[in-house]
Amino acid sequence: GVNVFAGGNRFVFKPGEQALVIDNIDRLTPYSQVQLFNAFNSSMAENKPGKIVLAGEHPTTELKLRDDLRTRIEAGLCLRVHPLSDQEKHAALQAMAKSRGLQLSEEVIEYALRYFQRDMGSLMAVMDGLDRFSLEQQKPVSVNLLRHWMKRRESLVIREYETRTV
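Sequential numbering from 9 applies to the sequence shown in this note's numbering.
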């Protein structure tokens with residue numbers, strides 16, 4: 009499951025559980041706003057707190073939302089998420105690796121931060137791919153293994169492009 013910690017509370021999303029996840033709530037149409045409001049009401053009527061995760065570029069106070077929907081959203085936990093600093097990205101990658109029993113040297117993390125896209129989604133995808141590749145190759149993670157994985161990945165992308173253009 010996915011653990012989320014906020015304000016000292018722990019929320020766990022377990023495999024198989026459903027959650028309503030909506031990004032770009034600042035772009036909801038009036039119809040979609042009604043649908044989301046109804047989802048909140050259904051959750052409350054069933055006396056089960058629904059798992060609703062919303063994301064957007066701005067706080068609810070700055071959004072063009074129906075007032076009834078705004079109050080439903082603001083009744084829940086609202087957080088502002090800032091991009092991680094390099095030091096925080098480093099710590100997050102180490103924590104992810106540790107949770108998988110993967111040993112990541114400082115050099116591997118620095119290399120990843122230097123040569124890959126620096127958003128956490130991309131960095132986590134790199135670590136996922138590198139983890140699988142190290143298991144496949146039965147070799148520990150190192151900068152050399154990361155370079156080898158990059159070359160292999162690039163050749164796969166080139167081959168895929170060539171087959172699509174032929």
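Backbone N, C-alpha and C define an ideal beta-carbon position, used for all residues, glycine too.
Check                                                                                                                                               : Outcome
To the nearest whole angstrom, what separates the beta carbons of residue 135 and residue 105, a pair I think is in contact under 8 Å?              : 7 Å
Would you grab the beta carbon distance between residue 71 and residue 33 for me? Rounded to a whole angstrom, and I think it's under 8 Å.          : 7 Å
Note down, one range per segment and in chain order, each beta strand (DSSP E) of at least 3 residues found wholly within the stretch 56–116.       : 60–62
I'd like to check one pair, residue 83 with residue 92: are the Cβ atoms closer than 8 Å?                                                           : no
Please tell me whether residue 85 and residue 41 are closer than 8 Å, where the distance is taken between their beta carbons.                       : no
Could you check if residue 13 is buried or exposed, using at least 16 other CB atoms within 10 Å of its CB as the buried criterion?                 : Bear in mind that the predicted position of residue 13 carries a pLDDT of just 43, short of 50, making it unreliable; the figure below should be weighed with that in mind. Flag for residue 13 reads exposed.
Do you know whose CA, among 160, 35, 28 and 49, lies nearest residue 65's CA?                                                                       : 35
Please identify the residue among 81, 60 and 54 whose C-alpha is closest to the C-alpha of residue 67.                                              : 81
Suppose you measure from the CA of residue 159 to the CA of residue 31; what does that come to, to the nearest Å?                                   : 34 Å
With residue 151 and residue 119 assumed to form a contact (beta carbons below 8 Å), what rounded beta-carbon distance in angstroms separates them? : 5 Å
Suppose you measure from the CA of residue 28 to the CA of residue 128; what does that come to, to the nearest Å?                                   : 22 Å
Out of curiosity, what's the CA-to-CA distance linking residue 46 and residue 155?                                                                  : 50 Å
If I follow the unbroken beta strand (DSSP E) through residue 28, where does it start and stop?                                                     : 28–30
Can you tell which of 63, 79 and 109 has its C-alpha closest to the C-alpha of residue 89?                                                          : 63
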